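Number of protein chains: 2
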Amino acid sequence: MEKYVYGVDIGGTNIKFGLFSIPKMELIQKHENSTPLTNHETSVFTLVAETINKINKENNIEISQVEGVGIAVPCPVKNGYVEKCPNLKWEKLDIHSSLSNYLPSGIKIAVSNDANIAAYGENQSLEIPHKNAIFYTLGTGVGGGIIIDGEILEGRTGAGGEIGHMHVFEGTEPCSCGLSGCLEQVCGTSAILKKARELSLIYPTQLNLEKLTVKDVFDYAKSGDTVAMKVVNRIGEYMAISASILSVSLDPDIFIIGGGISKAGDILIDTIKKHYINHARFGTGDIPFVLAKTGNDAGIIGAAYYVAKKNT
Amino acid sequence: MEKYVYGVDIGGTNIKFGLFSIPKMELIQKHENSTPLTNHETSVFTLVAETINKINKENNIEISQVEGVGIAVPCPVKNGYVEKCPNLKWEKLDIHSSLSNYLPSGIKIAVSNDANIAAYGENQSLEIPHKNAIFYTLGTGVGGGIIIDGEILEGRTGAGGEIGHMHVFEGTEPCSCGLSGCLEQVCGTSAILKKARELSLIYPTQLNLEKLTVKDVFDYAKSGDTVAMKVVNRIGEYMAISASILSVSLDPDIFIIGGGISKAGDILIDTIKKHYINHARFGTGDIPFVLAKTGNDAGIIGAAYYVAKKNT
Chain X
1 MEKYVYGVDI GGTNIKFGLF SIPKMELIQK HENSTPLTNH ETSVFTLVAE TINKINKENN
61 IEISQVEGVG IAVPCPVKNG YVEKCPNLKW EKLDIHSSLS NYLPSGIKIA VSNDANIAAY
121 GENQSLEIPH KNAIFYTLGT GVGGGIIIDG EILEGRTGAG GEIGHMHVFE GTEPCSCGLS
181 GCLEQVCGTS AILKKARELS LIYPTQLNLE KLTVKDVFDY AKSGDTVAMK VVNRIGEYMA
241 ISASILSVSL DPDIFIIGGG ISKAGDILID TIKKHYINHA RFGTGDIPFV LAKTGNDAGI
301 IGAAYYVAKK NT
Chain L
313 MEKYVYGVDI GGTNIKFGLF SIPKMELIQK HENSTPLTNH ETSVFTLVAE TINKINKENN
373 IEISQVEGVG IAVPCPVKNG YVEKCPNLKW EKLDIHSSLS NYLPSGIKIA VSNDANIAAY
433 GENQSLEIPH KNAIFYTLGT GVGGGIIIDG EILEGRTGAG GEIGHMHVFE GTEPCSCGLS
493 GCLEQVCGTS AILKKARELS LIYPTQLNLE KLTVKDVFDY AKSGDTVAMK VVNRIGEYMA
553 ISASILSVSL DPDIFIIGGG ISKAGDILID TIKKHYINHA RFGTGDIPFV LAKTGNDAGI
613 IGAAYYVAKK NT
């Protein structure tokens, strides 16, 4: 009898579901709900359980065929426990045991932070997963996940992998984390748009500053726009500095670059690499950089892999 | 019958030996030799084997009572293999199998980088060893070791834990690693002396600039000397920045500060902590900082713990 796992990506706006066959990890069905607006401490879990039952029915799957449910959440997680999750108004919540109240016993549950889960999934979906991998997610926020010895590094409080808040420059403007000089303040969406606007006061540009997007910045950089090229170059340089710091500390097998901004593609990787070679210490210069493959499905794929691995 | 392990710390100048009883890890005897000047690829191992036999004899220990020999070496090591060790003129040398040619079979051998070994020993000699610990060694060079899940993080090429070469400022002067902006360029011995001399051109000082030592700088800082205080403050600030980067990436359980410069004591830890609290992101502000305890014996103690753990 075929067995399955679910990967569930709980965000502040939407909850995404993926049904996967195991051990092949074939995606059978995707589904998306809005995140409930009230009673988050119970309604999210009710919705997860109900949606799983619904998807099971649509695919003629018995609940006994479901081996596990992997959960990605948008906040630090330590051993399935969340201290605080502003997006979901959770406080001091044991996600693992909360969800288990809504699912039949015997179904494995595995919970971690969404970026850590994405890191795990990206590494697992490589032909041969690496032992040590560092994943960046570049978007509105900049985050990441660190895989050491094949496992998610949650750290003491679950803050492991929050590499968007590495100090990489002397800054005074406050970052979303409350401090300054963070990588996110160079490579996050609003920092990118802000820098493009700033530079457009100094240099000529074809960018439409009224309706500026990160995609525009990369597209115009490809066609040689001065401002766009300078902004992309700056992203590459600070990503390279941050990667050089992580290399000389962790000496990983690979860097994987994901998140919405990574849709820019080769120009992003190539610019990071160009700078990285000038910043890499000792023998770390040839650590490969690759684009993430799982895209918008990083959360559900990662969560599915994460719980599937727990099952074996 | 009592059992023993040896911890051997191979440096460019001296080779230190420690004989330890197990499982109590009591130091029975210490011994020190000059590092042989020629034929390093064999002479070092001959000396190690001969010295072990000599110490055994002096303590009425049969070789069969020796469970293992732990080795610390002053270069990157990956699974017992050294790509290049300038201090010892080793190239592409499998330390593990080289040494095993000189010791009876059945004796366990465990080899790693000296700073990694020191990190391991410092963590193991805590009342309850931590899961994740970061060790800094401050001296002529600045290095360190990272313990994740109780194990040394060697990384892809053995460069794991080389945290003295984290990029922490925008610099142009070359560091010993060939790049610039490294932590070592603020917190290493020559950087400290240089900064004190520079500042003494601007501010009044009681420091004897002719015979300046790092110990002087810390001693005079304790008694309120302006230049000395500024230098110590700067060390504290950049150590704090580097620790904040590692916290937000690895979220360790503890920071341990060792190496010759850590003999400065509480003033060093207190200054780092004072700055750390301003740089720590999220919930990482309360990660403890402690002084290393094993001092000059860090290498032999760490190597002994490292091989003892391998034995169990």
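If you read the protein sequences in the order shown, they are chains X and L. Heads up, the first sequence is in the working numbering, so the first residue is 1 and it goes up one at a time. Heads up, the second sequence is in the working numbering, so the first residue is 313 and it goes up one at a time. Positions of the beta carbon are idealized from the N, C-alpha and C atoms, including for glycine. Predicted model, so just to flag it, every value in this text is computed and none were measured.
Looking only at Ala620(L), Lys622(L), Ala615(L) and Lys621(L), the smallest Cα-Cα distance to Val320(L) is reached by Ala615(L). Taking the Cα positions, Asn351(L) is about 22 Å away from Ala422(L).
By the criterion of a C-beta distance shorter than 6 Å, His587(L) is surrounded in its chain by Gly548, Glu549 and Ala552, once the five residues flanking it on both sides are discounted. The beta carbon of Pro288(X) sits no closer than 8 Å to any beta carbon of chain L.
In the three-state reduction of the DSSP assignment, Lys30(X) falls in the strand class, which pools E and B. Comparing alpha-carbon positions, the option among Lys78(X), Ala243(X), Leu19(X) and Val73(X) lying closest to Gly158(X) turns out to be Lys78(X). In the pairwise beta carbon analysis, the region 322 to 342 of chain L is classified as not touching the region 125 to 143 of chain X: fewer than three pairs are separated by under 8 Å. Shown here for Tyr532(L): same chain residues with a beta carbon closer than 7 Å to its own, the five before and five after excluded, namely Gln518, Leu519 and Ala540 in chain order. The beta-carbon of Val186(X) is placed no less than 8 Å from the nearest beta-carbon of chain L. Residues of the region 465 to 480 of chain L with a Cβ closer than 9 Å to any Cβ of chain X, in chain order: Leu465, Glu466, Gly467, Arg468, Thr469, Gly470, Ala471, Gly472, Gly473, Glu474, Ile475, Gly476, His477, Met478, His479 and Val480. Across the region 549 to 569 of chain L, CB contacts with chain X closer than 8 Å involve Ile553, Ser556, Ile557, Leu558, Ser559, Val560, Ser561, Leu562, Asp563, Pro564 and Asp565, in sequence order along the chain.
Along the region 570 to 597 of chain L, the positions whose C-beta sits under 7 Å from a C-beta of chain X are His591, Arg593, Phe594, Gly595 and Thr596, read in chain order.
Going by beta carbons, Ala119(X) and Gly161(X) fall inside the 8 Å limit.
With contact defined as three or more Cβ pairs closer than 8 Å, the region 281 to 290 of chain X and the region 587 to 602 of chain L are not in contact. Spatial neighbours of Ile300(X) in its own chain (CB-CB distance under 6 Å, excluding positions within 5 residues in sequence) are listed in chain order as Gly7, Asp9, Lys16 and Gly18. Burial state of Glu466(L) is buried, judged by a 10 Å Cβ sphere holding 16 or more other Cβ atoms. Inclusion of Gly188(X) and Gly181(X) in the CB contact set at 8 Å is not warranted, their separation being larger than that value.
Of the residues Glu403(L), Asn413(L) and Gln341(L), the one whose Cα lies closest to the Cα of Leu359(L) is Asn413(L).
Shown here, Glu463(L) sits in a strand according to DSSP, grouped into three states. Bridge partners of Glu403(L) according to DSSP: Lys396(L). The beta carbon of Ile148(X) lies closer than 6 Å to those of Asn132 in the same chain, with the five residues before and after it left out. Neighbours of Cys489(L) in chain X, taken as residues whose beta carbon is under 9 Å from its own, are Val248, Arg281 and Phe282 in chain order.
Proximity to Asn368(L) across Ile340(L), Phe357(L), Val394(L) and Ala384(L) peaks at Ile340(L), based on C-alpha coordinates.
Around the CB of Tyr515(L), fewer than 16 other CB atoms lie within 10 Å, so the residue is classed as exposed. Only those residues of the region 122 to 148 of chain X whose C-beta falls short of 7 Å from the nearest C-beta of chain L are listed: Asn132, Ile146 and Ile148. Counting only runs of at least 4 residues, the region 102 to 137 of chain X fully encloses the following alpha helix (DSSP H) elements, listed from N- to C-terminal order: 114 to 124. In this structure, Pro386(L) sits near Asp426(L), with a CB-CB distance shorter than 8 Å. Between Asp253(X) and Ala280(X), the alpha-carbon positions lie close to 14 Å from each other. Taking the Cα of Thr13(X) as reference, the smallest distance to any Cα among Met1(X), Glu32(X) and Gly283(X) is reached at Glu32(X).
Judged by their CB atoms, Ala308(X) and Glu122(X) are not nearer to each other than the 8 Å cut-off.
By the 16-neighbour rule on beta-carbons within 10 angstroms, Pro388(L) is buried. The distance from the Cβ of Ile475(L) to that of Ser554(L) is about 7 Å, consistent with a contact at the 8 Å cut-off. For Gly7(X), there is no enclosing alpha helix (DSSP H); the enclosing beta strand (DSSP E) has its first and last residue at Lys3 to Ile10. Judged by DSSP secondary structure, Ala72(X) falls within the beta strand (DSSP E) whose first and last residues are Val66 to Val73.
Proximity to Phe218(X) across Ala264(X), Cys177(X) and Ser98(X) peaks at Ala264(X), based on C-alpha coordinates.
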